[in-house]
Every structure is written in C-alpha cells, then in structure tokens.
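Have a look at the structure below, then the notes.
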Amino acid sequence: VAPPPLLRSTPALSLESPPETTTAAAAAKARRARRLIAPMEMGMNSVQPNAQFPVPHKSLSLDINGNKTDIVISKYEDNFMVMVTQIGCMGTILAARKDESVFSDPTYNVSVLFGKRDEPLLLACARQLIEHISGSGSARSLMISLGLKDHSQATMKYIVSTIIENRLW
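Using UniProt numbering, read the sequence shown as starting at 1 and increasing by one per residue.
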C-alpha cells in the first residue's frame, strides 16, 4: 500500500540543529543551568558570595524559630530577586515596584504572581522591601519568593531585617 500523496510530497524534517548551532546552544544551556544552580549552593549559617555566578548575589542559610531558612538575594540589571524558603521550594511569588507620577506621591504596587493570595503578611514583607529599595535610591523592581512554614509576624520581621542587612542595593 502506497503512502498518501501528501506524505510523499512532504520533505523530510530534521529535528537536529546544525553542529555549530548545537554547540552554541549547549554552551548557552550550560550557562543558564549554572545561573540557576549556583545561588542554591550554600552552607548552614553562612553568607556566600559566588564569584563564578554571573549575577551579583548573596546566599544565606540560618535558623528562624527552629526552621532552617535559606535566603538568596540576586541583583539583576532591572530587578532584585529574593528567594526565601523553609520548605525547599519557591512558595508564593510576588512582584513589587514603585510607581511614580509627576502629580502625586509615589505609590508601591505589590502583586501575587503565583501562590497564596490571602496572606497579608507576605504582601507586607514585599512592600517593606520595595520601600527600602526605592528609599535607597534604586529604581529596580523586586521579585520575591516566600516558601515559609512559619508565617508569623515575628518571622516576617526577622526575614525583612536579614534581607536589609545583607542587601545588594
């Protein structure tokens, strides 16, 4: 039985890239993987700047109320990225930015991108940090990930003060 005419006239498609593209793509993929993995390589109760990581960052690991807490603060060209986890994954992801107007005082916009939308302390944490960032003269916005077991006010205050002490702005 002969294949249908449509299949006979369709040229063969190759899923592989030419060798020079494959090499460049593999190198780019390896660089992206190093950027994603490098901030998470940290020790207990330490601050570790990583000279090989292409983005300035600080990594901390500490104990907050009996919960091992890992914090990574990264400074990108247009954003600060802060990751705080007690659960080993990202948790709720928030975006915070300062909106300025010629006719009024600046306002701060905090929104939940993924995760718990009914946690006002998470929003307060992001707002305090973006106010501190813009008060320090930086125009960068903030992306923050909070994966926490303990959502108490005391924990949030400690996290905010630790991030401010180790700030990159």
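Ideal Cβ positions, reconstructed from N, Cα and C, are used throughout, including at glycine.
Taking 8 Å as the cut-off, decide whether the C-beta atoms of residue i and residue j are in contact.
i: residue 111; j: residue 94; result: yes
i: residue 56; j: residue 168; result: yes
i: residue 144; j: residue 82; result: yes
i: residue 141; j: residue 97; result: yes
Can you tell me the Cβ-Cβ gap for residue i and residue j, rounded? I've got them flagged as a contact below 8 Å.
i: residue 146; j: residue 123; result: The pair is not a contact, with the Cβ atoms about 10 Å apart (cut-off 8 Å).
i: residue 119; j: residue 92; result: 7 Å
Can you tell me which of the options puts its alpha carbon nearest to the alpha carbon of residue i?
i: residue 148; options: 79, 85, 76 and 70; result: 85
i: residue 126; options: 105, 104 and 157; result: 157
i: residue 153; options: 64, 104 and 59; result: 64
i: residue 160; options: 71, 116 and 99; result: 71
i: residue 77; options: 101, 107 and 139; result: 139
So, helix, strand or coil for residue i, using DSSP?
i: residue 164; result: helix
i: residue 134; result: helix
i: residue 87; result: coil
i: residue 151; result: coil
i: residue 157; result: helix
i: residue 140; result: coil
i: residue 127; result: helix
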